[in-house]
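Peer 1: Residue numbers (this note's numbering), protein chains in the order written: chain E, 1 to 242; chain U, 1 to 242. All residues carry an ideal CB built from backbone N, CA and C; glycine is no exception.
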């Protein structure tokens, strides 16, 4: 039976913002890196999949952080796969402080892409290695929600440059999140309030495209959307401070 | 007698660009993090200086890379202080591959800032801890050169946002380098040629400013300058592919 795998971390000086707490982008980056390492260790990482010209693609993710830890504080990220269907595999994360208190819960949903056909792979095709990795422990938070489109004009534009793209020449996930954070009022990062953030990745952005970012306050949520030149939605996020 | 201190690294998947080699920004980030850790270990890190309201500020840096290592390759960064004068302390770095071949050489010059007076501190004031840290080994490359101003109009503008700034609310060093890389032709990153990059940090950029970036090809060099709203030079870089 598989069990959760935990990785130790410490908040490094280069990871903090002006509030001297770790940024959401640094936390998110560490979480996604752990996903890659854990999948690699268990034999279904991007490197193994690439032999078949398959790759994992992040479809949706939900983050819940009760607070962001301060500089030099140690914490742990545990990860496990709880279930998978025909199209989506669910990978979970729990962030725990040194006293054992859980301060962060993350649920991510991934599909497997056939890079040559550009279509999703039926996950039953990879059931063997995947079944062994399933941990009988439910997701620590509600699964990522569908994020509605903000009804608003863009407030920021950005032309995709070399530093924004990954090995695939697509805008990397953390850069999407940075663009979303950059349209929020900066005071949001000075306060310490529990946050739930749902993100839907809809379409990839490529080098040279000019992206725009729109946001709308709707009820208790701030909805953010990154759009392509043509106005198509590429990525949506819903921030809910509690 | 102090000796060089070496830190082990491996090129992580999230650090590579589309050429599947580590980016200059990831290398530069690791180098600066090592500087922080090494200074901290030896008792004159930013955390110790902050008690006197002093801080280290990077003034100039020169990078020489023969190549950029590929994904999953292990390497080592060694660092040492070779000398200091009244105003500047010289910290050096050598990057070595697994066979012991040096593929990168970095020379950085730092001044110490009194944060309350916003003036440079005479380094003789901190001679005691510093003297013990000096390693009798010269810099592995020519010291950072003064970079001339490009004679050109800006090709890129960027409004400084939350994700660009550090704990000090100034644009962080690696973001400056990203902005410089983003105005170069992207093909430069597909080829594998030895590079020397000299950077001069002149003035800090703050949240909300609109920066512009200009570049000029001059002889064997590409000169890049980041300017403030008011047109003042904030940071200059000279790229020389060999």
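Contact criterion: CB-CB distance below 8 Å. Does residue 33 (chain U) meet it with respect to chain E?
Peer 2: At least one chain E Cβ lies under 8 Å of residue 33 (chain U).
Peer 1: Is the distance from the Cβ of residue 93 (chain E) to the Cβ of residue 77 (chain E) below 8 Å?
Peer 2: Yes.
Peer 1: Check the DSSP bridge columns for residue 208 (chain E) and list the partner residues they point to.
Peer 2: Answer is none; residue 208 (chain E) lacks a bridge partner.
Peer 1: Comparing C-alpha positions only, which one of E:17, E:10 and E:41 sits nearest to residue 30 (chain E)?
Peer 2: Out of E:17, E:10 and E:41, E:10 has the C-alpha closest to the C-alpha of residue 30 (chain E).
Peer 1: Consult DSSP for residue 238 (chain U) and reduce its assignment to one of helix, strand or coil.
Peer 2: Residue 238 (chain U): strand per DSSP, three-state reduction.
Peer 1: Taking DSSP's pairing of strands, which residues face residue 63 (chain E) in a bridge?
Peer 2: Looking at the DSSP assignment, residue 63 (chain E) forms a beta bridge with E:106 and E:197.
Peer 1: Report back the beta-carbon spacing between residue 141 (chain E) and residue 192 (chain E) to the nearest angstrom; my notes put them in contact at under 8 Å.
Peer 2: 19 Å between Cβ atoms; not a contact.
Peer 1: Do you know whose CA, among U:197, U:119 and U:161, lies nearest residue 146 (chain U)'s CA?
Peer 2: That would be U:197, whose Cα lies nearest to the Cα of residue 146 (chain U).
Peer 1: Thinking just about the alpha-carbon of each residue, which of U:240, U:220 and U:215 is nearest to the one in residue 233 (chain U)?
Peer 2: Here the closest residue by C-alpha is U:215.
Peer 1: Give me whichever residues DSSP pairs with residue 112 (chain E) in a beta bridge.
Peer 2: According to DSSP, residue 112 (chain E) bridges with E:56.
Peer 1: Where do the ends of the alpha helix (DSSP H) carrying residue 79 (chain U) lie?
Peer 2: It is not in any alpha helix (DSSP H) - residue 79 (chain U) instead sits in the beta strand (DSSP E) that spans 74-84.
Peer 1: Which of helix, strand or coil does DSSP assign to residue 214 (chain E)?
Peer 2: Reduced to three states, the DSSP call for residue 214 (chain E) is strand.
Peer 1: Per the DSSP calculation, residue 165 (chain U) is bridged to which residue(s)?
Peer 2: Partner(s): U:171.
Peer 1: Which residues in chain E sit within 8 Å of residue 77 (chain U), going by Cβ to Cβ distance?
Peer 2: The contacting residues do not exist; residue 77 (chain U) stays about 15 Å from chain E at best.
Peer 1: Of all the residues that make up the stretch 148-173 of chain U, which are near chain E by a beta-carbon distance shorter than 9 Å?
Peer 2: Of all residues in the stretch 148-173 of chain U, 156, 158, 159, 161, 162, 163, 164, 165, 166, 167, 168, 169 and 172 have a Cβ within less than 9 Å of some Cβ in chain E.
Peer 1: Please identify the residue among U:169, U:188, U:4 and U:57 whose C-alpha is closest to the C-alpha of residue 17 (chain U).
Peer 2: It is U:188.
Peer 1: By how many angstroms is the C-alpha of residue 149 (chain U) removed from the C-alpha of residue 224 (chain U)?
Peer 2: About 8 Å.
Peer 1: Apart from the five residues just before and just after residue 174 (chain E), which ones in its own chain have a Cβ nearer than 7 Å to its Cβ?
Peer 2: Contacts found: 25, 28 and 29.
Peer 1: Tell me where the alpha helix (DSSP H) around residue 251 (chain E) begins and ends.
Peer 2: Lying before the first or after the last residue shown, residue 251 (chain E) is absent from chain E, which here runs from 1 to 242.
Peer 1: Contact criterion: CB-CB distance below 8 Å. Does residue 243 (chain E) meet it with respect to chain U?
Peer 2: One cannot answer for residue 243 (chain E) here, as it falls past the ends of chain E, which runs 1 to 242.
Peer 1: Looking only at its chain, what residues have a beta carbon closer than 6 Å to the beta carbon of residue 195 (chain U), apart from the 5 residues adjacent to it on each side?
Peer 2: Cβ within range, chain order: 65 and 241.
Peer 1: Where does the unbroken beta strand (DSSP E) through residue 147 (chain U) begin, and where does it stop?
Peer 2: Neither: residue 147 (chain U) is in no beta strand (DSSP E) and is coded neither H nor E.
Peer 1: Determine the burial state of residue 139 (chain E): buried for a count of at least 16 other Cβ atoms within 10 Å of its Cβ, exposed for fewer.
Peer 2: Classification of residue 139 (chain E): buried, given that the 10 Å Cβ count is 16 or more.
Peer 1: Taking buried to mean at least 16 other C-beta atoms within 10 Å of its own C-beta, is residue 69 (chain E) buried or exposed?
Peer 2: That one is buried.
Peer 1: Going by CA-CA distance only, name the one from E:211, E:8, E:208 and E:46 that's closest to residue 96 (chain E).
Peer 2: The shortest C-alpha separation from residue 96 (chain E) is found at E:8.
Peer 1: Could you check whether the Cβ of residue 186 (chain U) sits closer than 8 Å to any Cβ belonging to chain E?
Peer 2: It does; some Cβ of chain E falls within 8 Å.
Peer 1: Assuming residue 190 (chain E) is part of the alpha helix (DSSP H), what are its boundary residues?
Peer 2: Run containing residue 190 (chain E): none; DSSP gives neither H nor E here.
Peer 1: Alpha carbon to alpha carbon, how far is residue 122 (chain E) from residue 46 (chain U)? Give it in angstroms, no decimals.
Peer 2: Answer to the nearest angstrom: the Cα atoms are 52 Å apart.
Peer 1: Which residue's Cα is closest to the Cα of residue 208 (chain E): U:222, U:161 and U:182?
Peer 2: Comparing Cα positions, the closest option is U:182.
Peer 1: Compute the Euclidean distance between the alpha carbons of residue 217 (chain U) and residue 125 (chain E), then round it to the nearest angstrom.
Peer 2: Those two C-alpha atoms are separated by around 53 Å.
Peer 1: Rounded C-beta distance between residue 200 (chain U) and residue 60 (chain U)? I'm assuming under 8 Å.
Peer 2: With 8 Å as the limit, residue 200 (chain U) and residue 60 (chain U) qualify as a contact, their Cβ atoms being about 5 Å apart.
Peer 1: Between which two residues does the alpha helix (DSSP H) holding residue 127 (chain E) run?
Peer 2: Per DSSP, residue 127 (chain E) belongs to the alpha helix (DSSP H) from 127-133.
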